[in-house]
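J.: Per my numbering, residue 4 is the first one in the sequence shown, and the count goes up by one each step. Glycine included, each C-beta is placed from N, C-alpha and C at the ideal position. Have a look at this one before I ask anything.
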Amino acid sequence: MSKNKVNLWENHSSTILSITLVMFLLGLCLLVEYHSYRLTHDMQERITFKVDLEPEIEEAEAQAILAKSEALPYVKHVDYISRDEAAEIFSEDLNDDFVKFIGYNPLYPSLMVNFKSELLPDNSKDIQHQFIEEMSAINGVSDVTFQENVVNELNDIFYKIGLFLIIFIVLLLVVCTMLISSTIRISLFAQHDTLQTMRMVGAKNSFIRRPYLMRSILFGAIGGVIANVLLAIALVVLNNQMSLQLISDEHNIWYGVIMALIIVIGIVISWIATLLALHKHLKEN
């Protein structure tokens, strides 16, 4: 009897270990997805759209265009650079007063515009086109330019990483379900005589399944909690050893969401795997 209990505990331990390892890997994938999303947003936010104004535009008209651009819902920040300021910046870069050399200032006044990161990269192309159309239609604006190649490359990188992680996570969950289901079937074979006895005394399949399904919820929750502890340790180690600035109040909120999701997924995967194993075992026996 004690030997059967030991074997049964070993099977349960392997089930919890399987759930823990898979949930830990899933958590790492979700963290990578989260930080790649945030990094892409931050890099998109740093991309500047340059709005060139007409050379002889009046200061009042330039300020009116500045106010219109700042009022756009997707605009985060706008810097106005006058012709004199542009000449000063260009002279500092050249380390020479080019205005004195050529006798006049050929530079245009301009607006340097940055978008809000929370709107990117989800619908960045639509926002970019809308911004260019709205600004180009304003009298006094001569041209709107931005680093289109950089923006497109960032979007491509983000979507490729996202697609890869989604495929990997789906495969990981499928493998996890099959692995846990196989482990639970081994546990059921170890209790074959007990199950047959329950059937002989008239126990229905629903009655037989109930304790196993309840236990699967417990195992899924335990596996998810242990995986979260490992993730928290990994985050602290990476933050301290590599100075990645992974821990902040803003990040911690999303970490809490991810860890809660891991526990829920652990419970669901364990429950589904147990249900599949029970259905197959009870059908065959």
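So, with DSSP's three-state summary, where would you put leucine 114?
T.: In the sequence shown, the residue the question calls residue 114 occupies position 111. It is a strand residue.
J.: Please say whether cysteine 179 and valine 81 have beta carbons closer to each other than 7 Å?
T.: Within the sequence shown, numbered from 1, the residue matching residue 81 stands at position 78. Within the sequence shown, numbered from 1, the residue matching residue 179 stands at position 176. No, these two residues do not count as a Cβ contact at 7 Å.
J.: Taking the straight line between their C-alpha atoms, what separation do you get for methionine 4 and isoleucine 272?
T.: Position 1 of the sequence shown, counting from 1, holds the residue named residue 4. Position 269 of the sequence shown, counting from 1, holds the residue named residue 272. Because the pLDDT at methionine 4 is just 42, under 50, the model does not fix this residue reliably, and the point stays unresolved.
J.: Compute every distance between the C-beta of phenylalanine 118 and the non-hydrogen atoms of the ligand COA, then say whether any falls below 6 Å.
T.: Looking for the ligand COA in the displayed structure turns up nothing, as the structure carries no ligands at all.
J.: For my contact list, isoleucine 22 and isoleucine 183 are in at a C-beta cut-off of 8 Å; report their separation, rounded to the angstrom.
T.: As a position in the sequence shown, residue 22 is number 19, starting the count at 1. As a position in the sequence shown, residue 183 is number 180, starting the count at 1. Sure, about 6 Å apart at Cβ, within 8 Å.
J.: Using CA coordinates, which residue listed in Gly223, Pro112, Val173 is at the minimum distance from threonine 277?
T.: To locate residue 277, count along the sequence shown from 1; it is residue 274. Of Gly223, Pro112, Val173, the residue nearest in Cα terms is Gly223.
J.: Let's see if you can read the secondary structure: which residues bound the alpha helix (DSSP H) around lysine 71?
T.: By one-based count along the sequence shown, residue 71 stands at place 68. Run containing lysine 71: 62 to 73, per the alpha helix (DSSP H) assignment.
J.: I need the straight-line Cα distance from histidine 254 to asparagine 158, nearest angstrom please.
T.: Sequence index remark: in the sequence shown, residue 254 carries index 251 (1-based). Sequence index remark: in the sequence shown, residue 158 carries index 155 (1-based). Computed Cα separation, rounded: 22 Å.
J.: Report yes if the CB atom of threonine 186 is closer than 7 Å to the CB atom of threonine 18, and no otherwise.
T.: Counting from 1 along the sequence shown, the entry for residue 186 is found at position 183. Counting from 1 along the sequence shown, the entry for residue 18 is found at position 15. Going by C-beta atoms, threonine 186 is nearer than 7 Å to threonine 18.
J.: Start and end of the beta strand (DSSP E) containing valine 144?
T.: If you number the sequence shown from 1, residue 144 lands on position 141. Counting along the chain, the beta strand (DSSP E) containing valine 144 begins and ends at 144 to 148.
J.: What are the start and end residues of the beta strand (DSSP E) that includes lysine 119?
T.: Sequence index remark: in the sequence shown, residue 119 carries index 116 (1-based). Segment: none, lysine 119 is in no beta strand (DSSP E) and carries neither H nor E.
J.: Any chance the region 53 to 69 sits against the region 141 to 153, with 3 or more Cβ pairs inside 8 Å?
T.: Touching, per the Cβ criterion.
J.: Return the Cβ separation of isoleucine 170 and cysteine 32 in integer angstroms, given the expectation that the two are a contact with Cβ distance under 8 Å.
T.: Walking along the sequence shown from the start, residue 170 turns up at place 167. Walking along the sequence shown from the start, residue 32 turns up at place 29. Contact flag wrong, Cβ pair sits at about 10 Å.
J.: Alpha carbon to alpha carbon, what distance is there between serine 219 and glutamine 150?
T.: By 1-based counting over the sequence shown, the position of residue 150 is 147. By 1-based counting over the sequence shown, the position of residue 219 is 216. Cα to Cα, the separation comes out at about 53 Å.
J.: Taking Cβ positions, are lysine 119 and tyrosine 162 nearer each other than 7 Å?
T.: Locating residue 119 in the sequence shown gives position 116, where the first residue counts as 1. Locating residue 162 in the sequence shown gives position 159, where the first residue counts as 1. Cβ distance not < 7 Å, so lysine 119 and tyrosine 162 don't count as in contact.
J.: Measuring CA to CA, which of Leu238, Ala230, Ile256 is closest to leucine 28?
T.: Position 25 of the sequence shown, counted from the first residue, corresponds to residue 28. Leucine 28 has its Cα closest to that of Ala230, out of Leu238, Ala230, Ile256.
J.: Quick check on the DSSP output: the beta strand (DSSP E) that includes valine 54 runs from which residue to which?
T.: Position 51 of the sequence shown, counting from 1, holds the residue named residue 54. Where valine 54 is concerned, the enclosing beta strand (DSSP E) stretches over 52 to 56.
J.: In three-state DSSP terms, what is tyrosine 83?
T.: In the sequence shown, counting from the first residue as 1, residue 83 sits at position 80. Looking at tyrosine 83 - three-state DSSP - the assignment turns out to be strand.
J.: Sort Gln47, Ile270, Ala65 by Cα distance to leucine 176 and report the nearest one.
T.: Indexing the sequence shown from 1 puts residue 176 at position 173. Measuring from the Cα of leucine 176, the nearest candidate turns out to be Ile270.
J.: For valine 78, write down the residues that DSSP places opposite it in a beta bridge.
T.: Numbered from its first residue, the sequence shown carries residue 78 at position 75. Paired residue(s): Phe118.
J.: Between the Cα of lysine 283 and those of Met181, Ser113, Asp87, spot the shortest distance and give me the residue it belongs to.
T.: Taking the first residue of the sequence shown as 1, we reach residue 283 at position 280. Checking every option, the nearest Cα to that of lysine 283 belongs to Met181.
J.: Under 6 Å Cβ to Cβ from leucine 279, same chain only, skipping five residues before and after it: list those, please.
T.: For the purposes of this step, residue 279 is taken as the residue at position 276 of the sequence shown. Contacts found: Ser184.
J.: Assign alanine 263 to one of two classes, buried (16 or more other C-beta atoms within 10 Å of its C-beta) or exposed (fewer than that).
T.: Here residue 263 refers to the residue found at position 260 when the sequence shown is read from its first residue. Per the 10 Å Cβ criterion, exposed.
J.: For isoleucine 19, which three-state DSSP category applies?
T.: Here residue 19 refers to the residue found at position 16 of the sequence shown. In the structure shown, isoleucine 19 sits in a helix (DSSP, three-state: H, G or I).
J.: Closest to serine 39 by CA distance: which of Leu216, Gln133, Leu168 is it?
T.: Locating residue 39 in the sequence shown gives position 36, counting from the first residue. Serine 39 has its Cα closest to that of Leu168, out of Leu216, Gln133, Leu168.
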